[in-house]
Amino acid sequence: MLFSDMAKTDGHIRGYARIGTTAVPSIKQHLRTTTNKGKLRNTNDEPYYYLDPYSIHRQLIRIIPAFPNANISVEVIGRTVEYNDIVLLKITERKDNARYRAVDETKYADDVLQKKIIFIVHGLSIMGFKNIPCLDESPYFIQLLSYYFEHLDKFDIFLIPLANPDGLNYPDFFWNKNVSPQKACPGVALDRNFDVAWNSSRLLSSCSQHYPGLVPFSEVETQVIRKIFYHYNHKIIAYIHVHAGGHSESTFRGEAVLYPKGYTDVQEDDDLYIDLKGEIDEAMRNASFRVMSVTVDTLQSWYGTISGSSVDYASTVLLPLFL
9 MLFSDMAKTD GHIRGYARIG TTAVPSIKQH LRTTTNKGKL RNTNDEPYYY
59 LDPYSIHRQL IRIIPAFPNA NISVEVIGRT VEYNDIVLLK ITERKDNARY
109 RAVDETKYAD DVLQKKIIFI VHGLSIMGFK NIPCLDESPY FIQLLSYYFE
159 HLDKFDIFLI PLANPDGLNY PDFFWNKNVS PQKACPGVAL DRNFDVAWNS
209 SRLLSSCSQH YPGLVPFSEV ETQVIRKIFY HYNHKIIAYI HVHAGGHSES
259 TFRGEAVLYP KGYTDVQEDD DLYIDLKGEI DEAMRNASFR VMSVTVDTLQ
309 SWYGTISGSS VDYASTVLLP LFL
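Per my numbering, the very first residue in the sequence shown carries number 9; after that it's consecutive.
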């Protein structure tokens, strides 16, 4: 799923901001008092606090009080070559806030219902990440979480907010890899490192921003995602990879929801995803009161032939939905 450089909406930052079903006085005030500010940028003399790869675990823990109606666990599931934490948020609805649900006739009313999981990963592909406020800036990230959490009555959510922390801070505007040591140049393109049609182009130069690594799953960032796929395969109902669509507005093609496959033009489930377009467009209109639309297409149609993507890999482990 691709995002553009989203406009900042001060209405969600000043005064009262609604987080799920709870009004929190000023998200920005909450961040000043609870969140490690990390890097500071001034835009029109107002501070915006970034998610910081070097303190992401601590930042996420301090964001939790903004969501009193959710149970949130913060787990370090891996550590990169630069010793940055890869953090997984496991989010469920707080039991005392659970809404009434109809019970199947074969179950007792007090049986614990097993919810399915939506697994969301932000930024395996890191280029343009800093141009998307809801992925990179804490106030807008909290706002995005509130939208995710509106669905906790139906699903549990697993979220990796920063899947490529090393790549985010690499001083190269066009960087799209991690920074693991390689032969000629550092870094592996994480969203080309999954074991599905891996390295079909036989691209061997580690200096390419599309370098897929020496072998599939050579990187800790992709290994931890594979572990989640296999450990929770029976419960994950959807996998969503959220990232930017380009390094700047001038190279951005628009918002898109992309589905398998990237390595071939032979498709099997087009109807399932094409039906999503109307539902997404309607949801965007209802939320914004504007006519808005997204492209819904295959990875192969959007990028050309690619291999080793996380979305294609999710389809091989038999998840129902992958974007």
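Even glycine gets a Cβ: it sits at the ideal position worked out from N, Cα and C.
Less than 8 Å between the CB atoms is what I'm expecting for residue i and residue j, so what's the real figure, rounded?
i, j, result
"L170", "P61", "6 Å"
"N184", "V196", "No, N184 and V196 are not in contact; Cβ-Cβ is about 10 Å, not under 8 Å."
"D305", "L266", "6 Å"
"N241", "V325", "6 Å"
"H249", "S318", "5 Å"
Measuring alpha carbon to alpha carbon, tell me which residue in the options is nearest residue i.
i, options, result
"F163", "T230, F127, I69", "F127"
"L97", "S209, I71, D289", "I71"
"K235", "F166, P73, S154", "F166"
"V204", "D93, I314, A74, N79", "I314"
"Y58", "Y91, P147, R298", "P147"
"N92", "I125, Y178, D279", "Y178"
"Q122", "G286, V299, Y311, K243", "K243"
"Y156", "V84, I134, I233, N77", "N77"
"I132", "M300, T230, F297, E263", "The identity of residue 132 in the sequence shown is Leu, whereas the question assumes Ile. It is T230 whose Cα lies nearest to the Cα of L132."
"E101", "F225, N79, Y219, L176", "N79"
Within 10 Å of its beta-carbon, does residue i have 16 or more other beta-carbons around it, so buried, or fewer, so exposed?
i, result
"L160", "buried"
"Y247", "buried"
"H239", "exposed"
"V129", "buried"
"K269", "buried"
"F75", "buried"
"A192", "exposed"
"T51", "Only weak support exists for where T51 lies, its pLDDT of 40 falling under 50; the coordinates are left without a value."
"P189", "exposed"
"L222", "exposed"
"F330", "buried"
"D144", "buried"
"I173", "The sequence shown places Pro at residue 173, rather than the Ile named in the question. Its Cβ being crowded by 16 or more others within 10 Å, P173 is buried."
Can residue i be considered in contact with the ligand HEM, in the sense that its beta carbon sits closer than 8 Å to one or more heavy atoms?
i, result
"L152", "This structure lacks the ligand HEM; in fact it carries no ligand of any kind."
Exercise. Where in the segment 110-175 do unbroken runs of the beta strand (DSSP E), each at least 3 residues long, occur, reported from the N-terminal end onward?
Worked result: 124-130, 163-168
TODO: Identify every run of the beta strand (DSSP E) within the segment 195-272, keeping only runs that are complete inside it and at least 3 residues long; order them along the chain.
DONE: 244-252, 264-267
ask   = Counting pairs of Cβ atoms below 8 Å between the segment 209-226 and the segment 270-286, do you hit three or more?
value = no
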